[in-house]
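Below is one structure, written out as structure tokens, with a few remarks after it.
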Amino acid sequence: MRLPIFFSKKRGERRTGSPAWGSFGEGFFYASLLTAGLFVGGLMLTGVAVPEWRINNHFTEVEGRLVGKGLARRTTTDLFGIRRQSWRPAVLLEFHADGESVRAWHTSGWGEATTDRSLALRQLDGWRLGQSIRCWYDPERIETVVLKRGYSWWLWLLTLLLPGALVVFGATGLAQAASAWGRSEERQAAEIGQLLSPLVRSSPDEEGFPTVPACADLMNSPGTIQRFRLPTESPEAWSLLGAGLFALLWNAVVIVLAVAAGFDLAGGRTDWWLFGLLAPFGLIGLAAIGLFLRRLLLATAIGPTHLEISDHPLRPGGTYGVHLSQGGAVSFRRLELVLELEEQATFRQGTDVRTEKQVVWRELMCCWDRLEPVPGRPFEATLQFKVPARAMHSFRSLHNAVGWRLVLRGIPDRWPAFLRVFPLVIVPAGPDAAAAVVRQPLREVVS
Amino acid sequence: MTERAAAGEASATATLPRVTVSFASDQAEYAPGDMLETSYRVAAIDPATITTVERSVVWYTEGKGEEDFGVVFFDRLLAGSSDAMSDEPTASAAVDWPSGSFSIRLPSSPLSYEGLIVKIRWCIRVRLFFSSGRDFVSEHVFFLGDIPVARPLRHAVS
Chain A
1 MRLPIFFSKK RGERRTGSPA WGSFGEGFFY ASLLTAGLFV GGLMLTGVAV
51 PEWRINNHFT EVEGRLVGKG LARRTTTDLF GIRRQSWRPA VLLEFHADGE
101 SVRAWHTSGW GEATTDRSLA LRQLDGWRLG QSIRCWYDPE RIETVVLKRG
151 YSWWLWLLTL LLPGALVVFG ATGLAQAASA WGRSEERQAA EIGQLLSPLV
201 RSSPDEEGFP TVPACADLMN SPGTIQRFRL PTESPEAWSL LGAGLFALLW
251 NAVVIVLAVA AGFDLAGGRT DWWLFGLLAP FGLIGLAAIG LFLRRLLLAT
301 AIGPTHLEIS DHPLRPGGTY GVHLSQGGAV SFRRLELVLE LEEQATFRQG
351 TDVRTEKQVV WRELMCCWDR LEPVPGRPFE ATLQFKVPAR AMHSFRSLHN
401 AVGWRLVLRG IPDRWPAFLR VFPLVIVPAG PDAAAAVVRQ PLREVVS
Chain B
448 MTERAAAGEA SATATLPRVT VSFASDQAEY APGDMLETSY RVAAIDPATI
498 TTVERSVVWY TEGKGEEDFG VVFFDRLLAG SSDAMSDEPT ASAAVDWPSG
548 SFSIRLPSSP LSYEGLIVKI RWCIRVRLFF SSGRDFVSEH VFFLGDIPVA
598 RPLRHAVS
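Sequences listed follow chains A and B, in order. Just so it is clear: in the first sequence, position 348 is 348 by this note's numbering, and no numbers are missing. Add 447 to a position in the second sequence, counting from 1, and you land on the number used in this note's numbering.
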């Protein structure tokens, strides 16, 4: 008997496997999730949601009388054979249903059972024998009576969310596995491509360049000297935002603790644990504010950087003009403009999704030493650069990317170094440019 | 193909399938927009055991990231039928079951790229489906474009 092989094996250029068994395994996994979702959903619906819905829609309202009260005792034995008792308050109600007098115990409505018998007894103190009580009974089982109606929204939410997520995840996975049944990955990709092609519209500039990222966002801001002003991706902006959010959230926690401590003090109590916690929390909060203000000062003191370019998207072998404008009243020890090619790969590591970046090519376009600010005027420079004739084009797929960018690296006099990144899109060379390509090492053709 | 798989598929011939692909270009190097004319030959297997042949031209990524891939040409040929489910108007099929040939015009991108953590490869895949439900895929790499191999940076810009 030949056993099925569930996973394909690759041997050099050949790969063998059983797509049918692979799809079956995947389908079985998702079917299990779907079944589990339906089962748990069914349990929660019949055990929680439906009874609650019946109380609110089917139970009959009646005026009853409290004729007895007591404790319902429950005895349980744990794994070690130790017996534990818990108590729950119970009231005996008398009411008229269908022309006859009915007496029924009601135990729910006081929360969880307690192991403290005296506490359960105290909960009964509020009830007075003979008092009138509005209650609702089940017409189908008259001895079932409740004192409260309404919906537990969190319970409904839980009923919908938990099994709902399992059902949605399982059903979509099962549908996907069914659609992949016996189909090769090439066939699936081709069919998905045919389905999506009417929905995906690319701009005229990107037409004919699959996997080259769109550059419409890089071309919607006109420049003053050159044709387009490039948007910036400043790592400092993200760290400023991160520092701001951290300072805000941390200090919100500190304020909540401080208010609680203040109420304690006002009430004549001193919770030393709370005060002990408040002191280091407060110090960290102050440090977070200080860090945020420092970054804010750095971002505002250095001033904005504007970079304009003569054309976009770029082509290998093309020569382009750029205009740099650096504002602010800071003097620089060094300022340099660099053209970089960066690879980016996203992968799973355990349950984490990680992204690794690596600069694989870098060319210094220009650098300036000892720059002193001129009051009221930004530092400006215009220069030209050439894209290498055999440069890789910009590329982006779901988990991988190859991107070009201009990077301004600055070292101010009394501030830490900073980076301003300006992404570029390079499309593949056209037939003319391809014909002009000379087979040389990449570095030698860069001007 | 593993021995276990082969035992069931090739019981008639007791041999493994062998797929050879020949490119018009000796180096299997093409420029964007070129016509890719190729023929493939399936040997060492009883043609009667093959139910379907899928020919495709795909690009895929290799390296540190998860694999992405795209199909620019896909063609499915069924045994005993001259009809091919082709999704590519520039494709042509000359069938000599289960061997054959096809030609397509290659797209402008993505170009073959040998980066440090991202690599892009192009290949022709010939996938054979057998009457038992198993399949066998043969992959033949070619190069699109002429992008130089990326090398680690020696030093940072000072």
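Even glycine gets a Cβ: it sits at the ideal position worked out from N, Cα and C.
Cβ-Cβ separation, residue j to residue i (assumed contact under 8 Å), whole Å
{"i": "A175 (chain A)", "j": "S23 (chain A)", "result": "About 12 Å separates the two Cβ atoms, so there is no contact after all."}
{"i": "V425 (chain A)", "j": "S394 (chain A)", "result": "5 Å"}
{"i": "A258 (chain A)", "j": "L283 (chain A)", "result": "With 8 Å as the limit, A258 (chain A) and L283 (chain A) do not qualify as a contact, their Cβ atoms being about 13 Å apart."}
{"i": "V330 (chain A)", "j": "W415 (chain A)", "result": "7 Å"}
{"i": "D378 (chain A)", "j": "G327 (chain A)", "result": "The residue asked about is misnamed: residue 378 (chain A) is Pro in this sequence, not Asp. Rounded, the Cβ-Cβ distance is 4 Å, consistent with contact."}
{"i": "M482 (chain B)", "j": "R552 (chain B)", "result": "6 Å"}
{"i": "R227 (chain A)", "j": "S325 (chain A)", "result": "No, R227 (chain A) and S325 (chain A) are not in contact; Cβ-Cβ is about 15 Å, not under 8 Å."}
{"i": "L66 (chain A)", "j": "V91 (chain A)", "result": "6 Å"}
{"i": "S503 (chain B)", "j": "D522 (chain B)", "result": "7 Å"}
{"i": "V421 (chain A)", "j": "S184 (chain A)", "result": "V421 (chain A) to S184 (chain A), Cβ: 40 Å. No contact."}
{"i": "S152 (chain A)", "j": "E52 (chain A)", "result": "7 Å"}
Residues sharing a beta bridge with residue i, DSSP
{"i": "H306 (chain A)", "result": "A:S325"}
{"i": "P412 (chain A)", "result": "A:F332"}
{"i": "G47 (chain A)", "result": "G47 (chain A) is not bridged to any residue."}
{"i": "W421 (chain B)", "result": "What the structure shows of chain B is the stretch from 448 to 605, and residue 421 (chain B) is not part of that stretch, so it cannot be assessed."}
{"i": "C366 (chain A)", "result": "A:L337"}
{"i": "S86 (chain A)", "result": "A:R74"}
{"i": "I426 (chain A)", "result": "A:L314"}
{"i": "H96 (chain A)", "result": "A:S101"}
{"i": "A401 (chain A)", "result": "A:Q344, A:R396"}
{"i": "S239 (chain A)", "result": "Paired residues: none, contrary to the question."}
{"i": "Q226 (chain A)", "result": "Per DSSP, none; premise fails for Q226 (chain A)."}
{"i": "Y560 (chain B)", "result": "B:I567"}
{"i": "I551 (chain B)", "result": "B:L483"}
{"i": "L419 (chain A)", "result": "A:R409"}
Residue range of the unbroken alpha helix (DSSP H) whose run includes residue i
{"i": "L383 (chain A)", "result": "L383 (chain A) -> not in any alpha helix (DSSP H); beta strand (DSSP E) instead, spanning 379 to 386."}
{"i": "T75 (chain A)", "result": "Counting along the chain, T75 (chain A) falls outside any alpha helix (DSSP H), though it belongs to the beta strand (DSSP E) covering 60 to 77."}
{"i": "Q176 (chain A)", "result": "153 to 179"}
{"i": "A495 (chain B)", "result": "That residue, A495 (chain B), is in no alpha helix (DSSP H); it is neither H nor E in DSSP."}
{"i": "S118 (chain A)", "result": "117 to 124"}
CB of residue i within 8 Å of CB of residue j, strictly
{"i": "S559 (chain B)", "j": "F590 (chain B)", "result": "yes"}
{"i": "V40 (chain A)", "j": "L155 (chain A)", "result": "no"}
{"i": "R405 (chain A)", "j": "E340 (chain A)", "result": "yes"}
{"i": "L371 (chain A)", "j": "F332 (chain A)", "result": "yes"}
{"i": "L141 (chain A)", "j": "A113 (chain A)", "result": "In the sequence under discussion, the amino acid at residue 141 (chain A) is Arg, which differs from the Leu named in the question. Not in contact: R141 (chain A) and A113 (chain A) (Cβ atoms no closer than 8 Å)."}
{"i": "E509 (chain B)", "j": "R568 (chain B)", "result": "yes"}
{"i": "G512 (chain B)", "j": "H399 (chain A)", "result": "yes"}
{"i": "M219 (chain A)", "j": "H323 (chain A)", "result": "no"}
{"i": "F59 (chain A)", "j": "W136 (chain A)", "result": "yes"}
{"i": "G562 (chain B)", "j": "V402 (chain A)", "result": "yes"}
{"i": "A288 (chain A)", "j": "A247 (chain A)", "result": "yes"}
{"i": "V500 (chain B)", "j": "V518 (chain B)", "result": "no"}
{"i": "G170 (chain A)", "j": "G37 (chain A)", "result": "yes"}
{"i": "Q384 (chain A)", "j": "G303 (chain A)", "result": "no"}
{"i": "I55 (chain A)", "j": "R149 (chain A)", "result": "yes"}
{"i": "A243 (chain A)", "j": "L195 (chain A)", "result": "no"}
{"i": "A429 (chain A)", "j": "P316 (chain A)", "result": "yes"}
{"i": "L34 (chain A)", "j": "V167 (chain A)", "result": "yes"}
{"i": "E380 (chain A)", "j": "I564 (chain B)", "result": "no"}
{"i": "T498 (chain B)", "j": "S578 (chain B)", "result": "yes"}
Where the beta strand (DSSP E) containing residue i begins and where it ends
{"i": "R315 (chain A)", "result": "Where R315 (chain A) is concerned, there is no enclosing beta strand (DSSP E), given that its DSSP letter is neither H nor E."}
{"i": "R269 (chain A)", "result": "R269 (chain A) -> no beta strand (DSSP E), and no H or E assigned at all."}
{"i": "A104 (chain A)", "result": "100 to 106"}
{"i": "L525 (chain B)", "result": "516 to 525"}
{"i": "R134 (chain A)", "result": "132 to 137"}
{"i": "R465 (chain B)", "result": "465 to 470"}
{"i": "G81 (chain A)", "result": "G81 (chain A) -> no beta strand (DSSP E), and no H or E assigned at all."}
The ligand SAH heavy atom lying under 7 Å from the CB of residue i
{"i": "R333 (chain A)", "result": "For the structure depicted, the ligand SAH is absent and the ligand set is empty, with no information on it obtainable."}
Mind listing which residues of the region 478 to 508 of chain B have their C-beta closer than 7 Å to chain A's C-betas, in chain order?
If the cut-off is 7 Å between Cβ atoms, the region 478 to 508 of chain B has A478, P479, G480, E501, S503, V505, T508 near chain A.
By the 7 Å beta-carbon criterion, what residues does the region 316 to 342 of chain A contribute toward chain B?
Of all residues in the region 316 to 342 of chain A, those with a C-beta nearer than 7 Å to a C-beta of chain B are E336, V338, reading in chain order.
Positions along the region 356 to 370 of chain A whose CB lies within less than 7 Å of some CB in chain B:
Closer than 7 Å at the C-beta level to chain B, one finds these residues of the region 356 to 370 of chain A: E356, Q358, V359, V360, W361, R362, L364.
Chain-ordered residues of the region 572 to 587 of chain B with a beta carbon less than 7 Å from chain A
Correct list: R572, R574, G580, R581, D582, F583, V584, S585, E586, H587.
Could you name the residues of the region 543 to 555 of chain B whose beta carbon sits closer than 7 Å to any beta carbon of chain A, in the order they occur along the chain?
Per Cβ criterion, the list reads P554, S555.
Going along the region 205 to 229 of chain A in order, which residues come within less than 9 Å of chain B, judged by CB to CB distance?
Those residues of the region 205 to 229 of chain A that come within reach of chain B (Cβ to Cβ, closer than 9 Å) are G208, F209, P210, T211, V212.
By the 7 Å beta-carbon criterion, what residues does the region 373 to 400 of chain A contribute toward chain B?
If you check each beta-carbon in the region 373 to 400 of chain A against every beta-carbon of chain B, the ones closer than 7 Å belong to R390, M392, H393, F395, S397, L398, H399, N400.
Closer than 7 Å, Cβ to Cβ, to anything on chain B: give me those residues from the region 399 to 432 of chain A, in chain order.
For the region 399 to 432 of chain A, the beta-carbon criterion of a distance under 7 Å to any beta-carbon of chain B is satisfied by H399, N400, V402, P428, P431.
Between the region 75 to 104 of chain A and chain B, which residues of the former have CB atoms less than 8 Å from a CB of the latter, in chain order?
Correct list: empty, as no residue qualifies.
With 8 Å as the limit, tell me which residues of the region 180 to 199 of chain A have their beta carbon closer than that to any beta carbon of chain B; keep them in chain order.
From the region 180 to 199 of chain A, only G182, S184, E185, E186, R187, A189, A190, G193, Q194 have a Cβ closer than 8 Å to chain B.
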